[in-house]
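Enquirer: So that we are looking at the same thing, I have put the structure below in structure tokens.
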Amino acid sequence: MNPARWNARERARELARLSLARGDALGWFEQLYREAAADPSRIPWADERGHPQLLDWLANTPRPRPEARALVIGCGLGEDARELAARGWTVTAFDVSATAIEWCRRIPAPASDRVTYLQADLFALPREWTGAFELVFECYTLQALPARLRPDARRALASLLAPGGELLLVTRAREPHEPEGELPWPLLRSEVEAFGELGLAARELGEFSSGPSDPPSRHIRARFMRN
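The opening position of the sequence shown corresponds to residue 10 in our numbering, with each subsequent residue numbered one higher.
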């Protein structure tokens, strides 16, 4: 593993522990982005391209109808948002960190005019977003939240889908007998399946390995549709 990435992950965990001890589950994101000082190597989840599972889905999915709207949850530095825009989606991408959003806006990219970056809180989303999106992409945000907040986060995510809209979700995974470990906290399969209790129909729920880590990290990719 790249030592810089390892150090960035440890710093993120340290900031999260301190923030959670103060009763603030989200404040550490802003502090991490500020400390990074526009150096992406100090953001442990920053990559040059969108997530491989998003790229795979895009490669196997027809281009959307004109003006179809997608929402990226916890967009970070905007890699996933830019990939969606390049494939024809009109994208809204938000993050709780205002610094992350300002950083995104400074990154030049083709089709950047199709992306709107906004600072927002998953637990206090704009009312006009309810039922507004044909696609919602959630990658690794739920696993960065304490377990007690995840039910409310699932309800927020489900509320965003238009009729016939899809939620595409990627997360690390664990079995019930395995320890939760350190942040990022892998989700139980049952936590992912719980989207089915919110009026969404499962279209895909598969597991995959993340690749070169030792041992390989287990992940879930799931798709749910609003009927």
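No residue lacks a Cβ here, since even glycine has one placed at the ideal position from N, Cα and C.
These figures come from a predicted structure and were not determined experimentally.
Give the secondary structure of G36 by DSSP, where H, G and I count as helix, E and B as strand, and everything else as coil.
Expert: Reduced to three states, the DSSP call for G36 is helix.
Enquirer: Give me the Cα-Cα distance between R123 and L144, rounded to the nearest whole angstrom.
Expert: Distance between the alpha carbons of R123 and L144 is about 15 Å.
Enquirer: So the candidates are M234, E57 and L154; which of them puts its Cα closest to the Cα of L29?
Expert: Of the candidates M234, E57 and L154, the one whose C-alpha sits nearest the C-alpha of L29 is L154.
Enquirer: Would you mind working out which of I229, S218 and G174 sits nearest L197, comparing C-alpha positions?
Expert: Considering only alpha carbons, the answer is I229.
Enquirer: Which residues bound the alpha helix (DSSP H) around T108?
Expert: T108 -> alpha helix (DSSP H) spans A107 to R115.
Enquirer: Look at the Cβ atom of F142, then the Cβ atom of G173, and state whether they are nearer than 8 Å.
Expert: No; because the gap between Cβ atoms is not below 8 Å, this pair is not in contact.
Enquirer: Per DSSP, what are the beta-bridge partners of R99 in this structure?
Expert: For clarity, residue 99 is Thr in the given sequence; the question names Arg instead. R78.
Enquirer: Extract the residue ranges of the alpha helix (DSSP H) inside the segment 163-216, only unbroken runs of 4 or more that lie entirely within it.
Expert: Taking only runs of at least 4 residues, the alpha helix (DSSP H) segments lying wholly in the segment 163-216 are 198-202.
Enquirer: Does the separation of the CB atoms of A55 and L86 fall below 8 Å?
Expert: Yes.
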